[in-house]
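> These protein sequence lines are chains A and B, in that order.
The first sequence runs 1 to 329 under the numbering used here.
The second sequence runs 1001 to 1272 under the numbering used here.
Glycine residues also receive a C-beta, built at the ideal position from the N, C-alpha and C atoms.
These figures come from a predicted structure and were not determined experimentally.
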Amino acid sequence: MPEQLAFTIEVFLNGLMAGVLYALVALGFVLIYKASGIFNYAQGVMALFAALTLAGIIDGQVPFSHLINAILGTDIHHFGWHVPAFLAILLTMVVMIALAYAVQRLVFRHLVGQEPIILFMATIGLAYFLEGVGDLMWGSDIKSMDVGLPQGLNTWIDDTTFNAFGYGFFIDNLDIVASIIAALLVIGLVMFAQYTKQGRAMRAVADDHQAALSVGVSLNFIWILVWSLAGFVALVAGIMWGTKSGVQFSLSLIALKALPVLMLGGFTSIPGAIVGGLIIGVGEKLFEFLIGAPFLGGATENWFAYMLALIFLVFRPQGLFGEKIIERV
Amino acid sequence: MKDMTDGYVTADGRQIGPVVMEMKNITLRFGGVEAIKDISFDIRQGEIRAIIGPNGAGKSSMLNVISGFYVPQEGEVWYKGSRRPTMKPFEVAQQGIARTFQNIALFEGMSVLDNVMTGRLTNMKTGMFWQSIWKGKAEREETANREVAEKIIDFLEIQAIRKTPVSRLSYGLKKRVELARALAAEPSILLLDEPMAGMNVEEKEDMSRFILDVNDEFGTTIALIEHDMGVVMDLSDRVVVMDYGKKIGDGTPSEVRNNQDVIDAYLGVAHD
């Protein structure tokens, strides 16, 4: 196989896997937006907070240790125990559900019926608040995340492709695992929405609030459920990105990458988030490889996604799968 | 007048029971506007009660008070013999009151079958744990409820469009699907807000037949808002007439038809 073609395929595959992770973050947005019309600016920070909490629990960190030490003059940092990954994930999930309940009860229940821009501003406030709490609770030093996910070059693929094509594909184990987990998560969520009783209630709330009320659906319960699911998605995204590059506060910026994905796929479509993520992932990497690096001096990965999203906004504002805005006169 | 507290049997043999819902001195205001002014009436078990009146009389507002979407500033709603505390619309629905909407509030993104299945939500009790596993309790409940939904779809003769997304249906069919969804909840009281609006004669006959069948077969108490006088006279056992938020008539169709105030309201006589 000619080396250029092999490179291209490798880049394509890596792009697909990066795309799956983008899709995962976008999915969190879509879930909340569909059910409550809120664009959750805090989704990225939720991923960060989830990752911080998970890393903190695994290491047996004392939450708010700096604050406690400052007030009480003590010097405690760790509990001295080491929580196994699986249990830690469950505990973090409990925290995320509690967060969903608190957010719904304290913030959004009082803002029912408000303009979308007000709801959006509330999520901006939530993002800053959560970021601050995360810092106060767990500290801002970079943490390593290790939940036992395989990492490093996948030697089997490297050897097999080398023998078959004369070129060994460099694909990271972590990326493969992340893609599989993300795919399973997406399938699980779609099936939950389609077939279960709560999923049906969720779709009803996403469609028409009044009608959902008239068939006995509690809006508050569904909103807490949706925020919890978004929290779960955020946790998975946080684990993947955290394992890749450590748990650091720039993790919340991945939310920004989700915006082009949403513009491409539509704000209200789950398959749209997936397809959009894949397109952005592949497009980004291929563009950099084929055009960016050779002709434009490189570093196109930073802006390509946004440029693509801009083009979509001009020609197809509802995205590939979103609902077309038809005004009945 | 003979004592009808415990119910009576109509001329065509239907059993009308005691009072199941009562509005006591309901007053509803929107800012300075009084949409409903001190209105009281009752609804008996198993009867078809029509609420009629000129446009803007406050009929839909009344229905919204009954279904919990509006909270009256004054007055009480009594349901099944006890005073109903202020509750959210979904809690009212869970108590056995189902409704349709004047401007159709279907779940446009779902199929007809899915919409009817949402009507079954108040009857489905399995928790999230069992639902996530699916096999076992949840699946059995889904199958049982699906059976009920299909029966209602058969009853209203919409089998052919079971899987069609409702956004693609005609207005008349959408109204029928909304009726199906309300019926799916197996309600004690069915509230219909202008179920025949925008229909031609044939569609109205079909809808009337369905409403009568529902009342006949399931004994469902029905309160409906309707403009077509012919329909009201034919279908209803008793009528409440509203005008400018006040009650100007309450009785059987023939009693109401001969009421001078009602005639004035519809023909438009100058008020002093």
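Identify, in the order they occur along the chain, each residue of the same chain with its Cβ nearer than 8 Å to the Cβ of F1231 (chain B), setting aside the five sequence neighbours on each side.
Working through the second sequence from its first residue, we reach residue 1231 (chain B) at position 231. It should be pointed out that residue 1231 (chain B) corresponds to Val in this sequence rather than to Phe. For V1231 (chain B), where only same-chain residues beyond five positions count, the Cβ hits under 8 Å are M1196, K1204 and S1208.
> Between the C-alpha atoms of F170 (chain A) and P1089 (chain B), what's the straight-line distance to the nearest angstrom?
Residue 170 (chain A) sits at position 170 when you count from the first residue of the first sequence. Residue 1089 (chain B) sits at position 89 when you count from the first residue of the second sequence. Near 58 Å, if we compare the C-alpha coordinates of P1089 (chain B) and F170 (chain A).
> Where does the unbroken alpha helix (DSSP H) through T160 (chain A) begin, and where does it stop?
Here residue 160 (chain A) corresponds to residue number 160 of the first sequence, with the count starting at 1. It spans T155 to F165 - the alpha helix (DSSP H) in which T160 (chain A) sits, taken as one unbroken run.
> On the three-state DSSP scale, how would you describe K143 (chain A)?
In the first sequence, counting from the first residue as 1, residue 143 (chain A) sits at position 143. In the structure shown, K143 (chain A) sits in a strand (DSSP, three-state: E or B).
> Indicate whether I142 (chain A) and T92 (chain A) have their beta-carbon atoms separated by less than 8 Å.
Residue numbering aside, residue 142 (chain A) sits at position 142 when the first sequence is read from its first letter. Residue numbering aside, residue 92 (chain A) sits at position 92 when the first sequence is read from its first letter. Going by C-beta atoms, I142 (chain A) is not nearer than 8 Å to T92 (chain A).
> Excluding the 5 residues flanking R1257 (chain B) on each side, which residues of the same chain have their C-beta closer than 6 Å to its C-beta?
What you label residue 1257 (chain B) is simply residue 257 of the second sequence in a count that begins at 1. Excluding residues within five positions, none has a Cβ falling inside 6 Å.
> Please confirm if T975 (chain B) has its CB atom under 8 Å from at least one CB of chain A.
Residue 975 (chain B) lies beyond the stretch modelled for chain B, which goes from 1001 to 1272, so this question has no answer here.
> From V329 (chain A) to N1103 (chain B), what does the alpha carbon distance come to, in whole angstroms?
As a position in the first sequence, residue 329 (chain A) is number 329, starting the count at 1. As a position in the second sequence, residue 1103 (chain B) is number 103, starting the count at 1. The predicted model places V329 (chain A) with a pLDDT of 46, which falls under 50 and marks its position as unreliable; any figure quoted below should be read in that light. About 15 Å.
> S1111 (chain B) by DSSP, collapsed to three states: which one?
Indexing the second sequence from 1 puts residue 1111 (chain B) at position 111. The answer is strand: DSSP assigns S1111 (chain B) an E or B state.
> Looking at chain A, is there any beta carbon in it that lies within less than 8 Å of the beta carbon of T1126 (chain B)?
As a first step, residue 1126 (chain B) must be located in the second sequence, where it is residue number 126. Cβ-Cβ to chain A under 8 Å: yes for T1126 (chain B).
> Kindly indicate which residue of A:L290, A:G231 and A:L264 has the alpha-carbon position closest to the one of R316 (chain A).
Reading the first sequence from its first residue, position 316 is the one you call residue 316 (chain A). Ranking A:L290, A:G231 and A:L264 by Cα distance to R316 (chain A) puts A:L264 first.
> Q198 (chain A) versus chain B: which residues are under 8 Å apart at the beta carbon?
Here residue 198 (chain A) is taken as the residue at index 198 of the first sequence, counted from 1. Correct list: M1128 and Q1131.
> Which first and last residues belong to the alpha helix (DSSP H) in which W1078 (chain B) is found?
For the purposes of this step, residue 1078 (chain B) is identified with residue 78 of the second sequence, where counting begins at 1. Note, W1078 (chain B): premise wrong, no alpha helix (DSSP H); beta strand (DSSP E) at E1074 to Y1079.
> Are V1166 (chain B) and E1108 (chain B) touching if we call contact CB-CB under 8 Å?
Taking the second sequence and counting its residues from 1, one reaches residue 1166 (chain B) at position 166. Taking the second sequence and counting its residues from 1, one reaches residue 1108 (chain B) at position 108. Cβ atoms of V1166 (chain B) and E1108 (chain B): closer than 8 Å.
> Excluding five sequence neighbours on each side, which residues of the same chain lie with their C-beta closer than 6 Å to the C-beta of Q43 (chain A)?
Reading the first sequence from its first residue, position 43 is the one you call residue 43 (chain A). Excluding sequence neighbours, Q43 (chain A) sits near G28, F29 and A255.
> Would a C-beta distance cut-off of 8 Å place A85 (chain A) and V147 (chain A) closer than the cut-off?
On the first sequence, position 85 is the one that residue 85 (chain A) refers to. On the first sequence, position 147 is the one that residue 147 (chain A) refers to. For A85 (chain A) and V147 (chain A), yes; Cβs fall inside 8 Å.
> Could you please tell me which residues of the stretch 1108-1120 of chain B, in chain order, have their CB closer than 8 Å to any CB of chain A?
Those residues of the stretch 1108-1120 of chain B that come within reach of chain A (Cβ to Cβ, closer than 8 Å) are E1108, G1109, M1110, D1114, M1117, T1118 and G1119.
> I need the DSSP call for Y1008 (chain B), collapsed to helix, strand or coil.
Counted from its first residue, the second sequence places residue 1008 (chain B) at position 8. Strand, per DSSP.
> By alpha-carbon positions, which one of B:D1213, B:M1233 and B:D1228 ends up nearest to F1155 (chain B)?
Counting from 1 along the second sequence, the entry for residue 1155 (chain B) is found at position 155. The shortest Cα separation from F1155 (chain B) among B:D1213, B:M1233 and B:D1228 belongs to B:D1213.
> Name, please, each residue of chain B whose Cβ falls closer than 9 Å to the Cβ of R203 (chain A).
As a first step, residue 203 (chain A) is located in the first sequence; it is residue number 203 there, counting from the start. Chain B residues near R203 (chain A): F1107, G1109, M1110, D1114 and T1118.
> Would you mind working out which of A:F7, A:L213, A:V282 and A:L320 sits nearest T161 (chain A), comparing C-alpha positions?
By one-based count along the first sequence, residue 161 (chain A) stands at place 161. Among A:F7, A:L213, A:V282 and A:L320, the Cα nearest to that of T161 (chain A) belongs to A:F7.
> Establish whether the CB of S228 (chain A) and some CB of chain B are separated by less than 8 Å.
As a first step, residue 228 (chain A) must be located in the first sequence, where it is residue number 228. It does not; no Cβ of chain B falls within 8 Å.
> In angstroms, rounded to a whole number, what distance separates the CA positions of D1003 (chain B) and D1206 (chain B)?
Taking the second sequence and counting its residues from 1, one reaches residue 1003 (chain B) at position 3. Taking the second sequence and counting its residues from 1, one reaches residue 1206 (chain B) at position 206. Annotation note: pLDDT 46 at D1003 (chain B) (below 50); position unreliable, coordinate value reported separately. Their Cα atoms are separated by approximately 35 Å.
> Short check: CB of V1065 (chain B) to CB of I1189 (chain B), under 8 Å?
Mapped onto the second sequence, residue 1065 (chain B) falls at position 65. Mapped onto the second sequence, residue 1189 (chain B) falls at position 189. Cβ distance not < 8 Å, so V1065 (chain B) and I1189 (chain B) don't count as in contact.
> Where does E1022 (chain B) sit, in a helix, a strand or coil, going by DSSP?
Sequence index remark: in the second sequence, residue 1022 (chain B) carries index 22 (1-based). In this structure, E1022 (chain B) counts as strand in the three-state DSSP scheme.
> In chain order, which continuous runs of the beta strand (DSSP E) of length 3 or greater are located wholly inside the stretch 30-102 of chain A?
Listed in chain order, nothing qualifies, since the stretch 30-102 of chain A has no complete beta strand (DSSP E) run of 3 or more residues.
> So, does the stretch 1025-1043 of chain B touch the stretch 1051-1065 of chain B, judging by three or more C-beta pairs under 8 Å?
The stretch 1025-1043 of chain B vs the stretch 1051-1065 of chain B: in contact.
> If you draw a straight line from the alpha carbon of K285 (chain A) to that of A23 (chain A), how long is it in whole angstroms?
Here the question's residue 285 (chain A) lines up with position 285 in the first sequence. Here the question's residue 23 (chain A) lines up with position 23 in the first sequence. For K285 (chain A) and A23 (chain A), the distance between alpha carbons rounds to 15 Å.
> Any residues in the stretch 204-221 of chain A with a beta carbon nearer than 8 Å to a beta carbon of chain B? Which ones, in chain order?
Listed in sequence order: A204, A206, D207, D208, Q210, A211, A212, L213, S214, V215, G216, V217, S218 and L219.
> Over what stretch of residues does the beta strand (DSSP E) that includes T1221 (chain B) continue unbroken?
In the second sequence, residue 1221 (chain B) corresponds to position 221, counting from 1. T1221 to I1225 is the span of the beta strand (DSSP E), which, as asked, contains T1221 (chain B).
> Can you give me the C-alpha to C-alpha distance between V177 (chain A) and T196 (chain A), rounded to a whole angstrom?
In the first sequence, the residue the question calls residue 177 (chain A) occupies position 177. In the first sequence, the residue the question calls residue 196 (chain A) occupies position 196. Cα to Cα, the separation comes out at about 27 Å.
> What does the Cβ neighbour count give for F304 (chain A), buried or exposed, with the cut at 16 atoms within 10 Å?
Sequence index remark: in the first sequence, residue 304 (chain A) carries index 304 (1-based). Answer is buried; the Cβ neighbour count reaches 16.
> Identify the residues that DSSP records as bridge partners of L13 (chain A): which are they?
One-based indexing of the first sequence puts residue 13 (chain A) at position 13. According to DSSP, which records beta bridges pairwise, L13 (chain A) is partnered with nothing at all.
> From the DSSP output, in three-state form, read off T268 (chain A) for me.
The residue you call residue 268 (chain A) lines up with position 268 of the first sequence. It is coil, neither helix nor strand.
> Check the DSSP bridge columns for E1147 (chain B) and list the partner residues they point to.
Mapped onto the second sequence, residue 1147 (chain B) falls at position 147. Per DSSP, none; premise fails for E1147 (chain B).
> DSSP beta-bridge partners for P1253 (chain B)?
In the second sequence, the residue the question calls residue 1253 (chain B) occupies position 253. Answer is none; P1253 (chain B) lacks a bridge partner.
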